[in-house]
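**Student:**
Residue numbers (UniProt numbering): 1 to 282.
1. Please identify the residue among 132, 23 and 127 whose C-alpha is closest to the C-alpha of residue 157.
2. DSSP on residue 11, reduced to helix/strand/coil?
3. Could you tell me which of 200, 249 and 245 sits nearest to residue 161, measuring between CA atoms?
4. Please say whether residue 103 and residue 92 have beta carbons closer to each other than 8 Å?
5. Looking at residue 112 and residue 130, is the spacing between their C-beta atoms short of 8 Å?
6. Rounded to the nearest angstrom, what separates residue 84 and residue 224 at their Cα positions?
7. Which residues does DSSP pair with residue 242 in a beta bridge?
8. Let me know the secondary structure DSSP gives residue 138 once reduced to three states.
9. Alpha carbon to alpha carbon, how far is residue 241 from residue 220?
10. If residue 266 and residue 177 are in contact, beta carbons under 8 Å, what's the gap, nearest whole angstrom?
11. For the UniProt domain "HTH cro/C1-type" (30–83), list the alpha helix (DSSP H) runs that are entirely contained and at least 4 residues long, ordered along the chain.
12. Do residue 168 and residue 268 count as a contact pair if the criterion is CB distance below 8 Å?
13. Just the Cα atoms here: how many angstroms apart are residue 33 and residue 260?
14. What are the partner residues of residue 173, as DSSP defines its beta bridges?
15. Report yes if the CB atom of residue 105 is closer than 8 Å to the CB atom of residue 22, and no otherwise.
16. Please list the terminal residues of the continuous alpha helix (DSSP H) segment that includes residue 113.
17. Excluding the 5 residues preceding and the 5 following residue 150 in the sequence, name in chain order all residues of the same chain whose CB lies nearer than 8 Å to its CB.
18. Using DSSP bridges, identify the partner residues of residue 145.
19. If we ignore side chains and look at the alpha-carbon of each, how far apart do residue 26 and residue 73 end up?
20. Tell me whether residue 273 is buried or exposed, calling it buried when 16 or more other Cβ atoms sit within 10 Å of its Cβ.
21. Let me know if residue 11 comes out buried or exposed under the rule of 16 or more other beta-carbons within 10 Å of its beta-carbon.
22. Below 8 Å between beta carbons: does that hold for residue 207 and residue 174?
23. Please name the residue, chosen from 43, 47 and 58, that lies closest to residue 28 on a Cα-to-Cα basis.
24. By Cβ distance, which residues of its chain are closer than 7 Å to residue 101, with the 5 residues on each side in sequence left out?
25. Report the three-state DSSP secondary structure of residue 120 (helix, strand or coil).
26. Residue 4: buried (16+ other C-beta within 10 angstroms of its C-beta) or exposed?
27. Whole angstroms are fine: how far does the CA of residue 37 sit from the CA of residue 170?
28. Compare the beta carbon distance of residue 24 and residue 81 with 8 Å and say whether it is the shorter of the two.
See below:
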């Protein structure tokens, strides 16, 4: 009987296989639409802003097409929504297998609470900071995978402009804001982005000072999600092992922890002032 690690690897393999299947199906649809429109790869690429080799990679399922390309290709090829219909499934293929269900629920969230103690939360990351994070992964990710993960992470940030606006809050450890991942220039841009997001009416960012003697989040980072249907879900991730919790008892426990974290952390106004101070020191 396979062990836990072997079972997890089997599941990951199945997820990767399913994702490859989705990309190949989309690629075939793209090729059929292109040929029906009487365009070769170079012509479609020129109109959509991509090289012929990139179009070939999309059609062969070797690269994940970004949402903007799918929308543009659907219009250019007069596909009548056929390509757009697969956009959500293609987008999910951008994420590591262990994060896909959480990514889907995140898009449905009306309330989102994030506690971060390792790195700036993905929803707040700049492109350069996200790239630095993925470049540091071990085992090493190949350059193409790094870029796909960066695109996917930035695409998640569309949640900030969604209507109706979701309510989003973050509690971030002070140590995270002091760790210059990618270098001081990258971190400066990251702190500036945190300040910009902190000005949004539907976003509250709080910093947890390192000197606090009480701490309710020693179990690690987690995210709390509430959907429009009133479902409350928790997501926790540690060393590529992740889990979605739907049991009310477990979710309530994490909600209680988050409430205590917010009470002990700096207020949103104090946190923005603190972040601005760090920016001046960078």
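For each residue, glycine too, the CB sits at the ideal point set by N, CA and C.
**Tutor:** Walking through what the data contain:
1. Sequence index remark: in the chain shown, residue 157 carries index 157 (1-based). Checked all of 132, 23 and 127; the closest Cα to residue 157 is 127.
2. By 1-based counting over the chain shown, the position of residue 11 is 11. Confidence at residue 11 is low in this model, with a pLDDT of 41, below 50, so the placement of that residue should be treated as unreliable; the coordinate-derived value is given next. It is helical.
3. Translated into positions along the chain shown, residue 161 becomes position 161. The candidate whose alpha carbon is nearest that of residue 161 is 200.
4. Translated into the one-based positions of the chain shown, residue 92 becomes position 92. Translated into the one-based positions of the chain shown, residue 103 becomes position 103. Cβ atoms of residue 92 and residue 103: closer than 8 Å.
5. Taking the first residue of the chain shown as position 1, residue 130 is located at position 130. Taking the first residue of the chain shown as position 1, residue 112 is located at position 112. Against a cut-off of 8 Å, the Cβ pair of residue 112 and residue 130 comes out as no contact.
6. Stepping through the chain shown from its first residue, residue 84 is reached at position 84. Stepping through the chain shown from its first residue, residue 224 is reached at position 224. One C-alpha to the other measures close to 29 Å.
7. Taking the first residue of the chain shown as 1, we reach residue 242 at position 242. In the DSSP output, where bridge partners are listed per residue, residue 242 has 237.
8. As a position in the chain shown, residue 138 is number 138, starting the count at 1. Coil at residue 138, not helix or strand.
9. Numbered from 1 along the chain shown, position 241 holds the residue referred to as residue 241. Numbered from 1 along the chain shown, position 220 holds the residue referred to as residue 220. Their backbone Cα atoms lie some 12 Å apart in a straight line.
10. The residue you call residue 266 lines up with position 266 of the chain shown. The residue you call residue 177 lines up with position 177 of the chain shown. That pair is no contact at about 11 Å.
11. Entirely contained in the UniProt domain "HTH cro/C1-type" (30–83), the alpha helix (DSSP H) runs reaching 4 residues are, in chain order, 41–48, 52–59 and 67–76.
12. By 1-based counting over the chain shown, the position of residue 268 is 268. By 1-based counting over the chain shown, the position of residue 168 is 168. Cβ distance not < 8 Å, so residue 268 and residue 168 don't count as in contact.
13. Here residue 33 corresponds to residue number 33 of the chain shown, with the count starting at 1. Here residue 260 corresponds to residue number 260 of the chain shown, with the count starting at 1. Approximately 54 Å between the Cα atoms of the pair.
14. The count along the chain shown starts at 1 and reaches residue 173 at position 173. DSSP lists 208 as partners of residue 173.
15. Within the chain shown, residue 105 is the residue found at index 105, counting from 1. Within the chain shown, residue 22 is the residue found at index 22, counting from 1. Taking 8 Å as the Cβ cut-off, residue 105 and residue 22 do not qualify as a contacting pair.
16. Numbered from its first residue, the chain shown carries residue 113 at position 113. Taken as a continuous stretch (DSSP letters only), residue 113 belongs to no alpha helix (DSSP H), being part of the beta strand (DSSP E) at 109–116.
17. Within the chain shown, numbered from 1, the residue matching residue 150 stands at position 150. Around residue 150: 127, 130, 131 and 134.
18. Locating residue 145 in the chain shown gives position 145, where the first residue counts as 1. Answer is none; residue 145 lacks a bridge partner.
19. If you number the chain shown from 1, residue 26 lands on position 26. If you number the chain shown from 1, residue 73 lands on position 73. For residue 26 and residue 73, the distance between alpha carbons rounds to 12 Å.
20. Within the chain shown, the letter at position 273 stands for residue 273. The residue is exposed, with fewer than 16 neighbouring Cβ atoms inside 10 Å.
21. The residue labelled residue 11 in the question sits at position 11 within the chain shown. Note that residue 11 scores 41 on pLDDT, short of 50, meaning its location in the model is unreliable; the coordinates nonetheless yield the value given after this. An exposed status is given to residue 11, since fewer than 16 other beta-carbon atoms sit within 10 Å of its beta-carbon.
22. Taking the first residue of the chain shown as position 1, residue 207 is located at position 207. Taking the first residue of the chain shown as position 1, residue 174 is located at position 174. The answer is yes: Cβ separation under 8 Å.
23. Residue numbering aside, residue 28 sits at position 28 when the chain shown is read from its first letter. Comparing Cα positions, the closest option is 58.
24. Here residue 101 refers to the residue found at position 101 of the chain shown. Cβ neighbours of residue 101 beyond the five flanking positions: 244.
25. Residue 120 sits at position 120 when you count from the first residue of the chain shown. Reduced to three states, the DSSP call for residue 120 is coil.
26. Residue numbering aside, residue 4 sits at position 4 when the chain shown is read from its first letter. For residue 4, the predicted model reports a pLDDT of 38, less than 50, meaning its position is unreliable; a value from the coordinates is still stated below. So residue 4 counts as exposed.
27. Along the chain shown, read from residue 1 onward, the residue named residue 170 stands at position 170. Along the chain shown, read from residue 1 onward, the residue named residue 37 stands at position 37. Computed Cα separation, rounded: 47 Å.
28. What you label residue 24 is simply residue 24 of the chain shown in a count that begins at 1. What you label residue 81 is simply residue 81 of the chain shown in a count that begins at 1. No, Cβ-Cβ distance for residue 24 and residue 81 is not below 8 Å.
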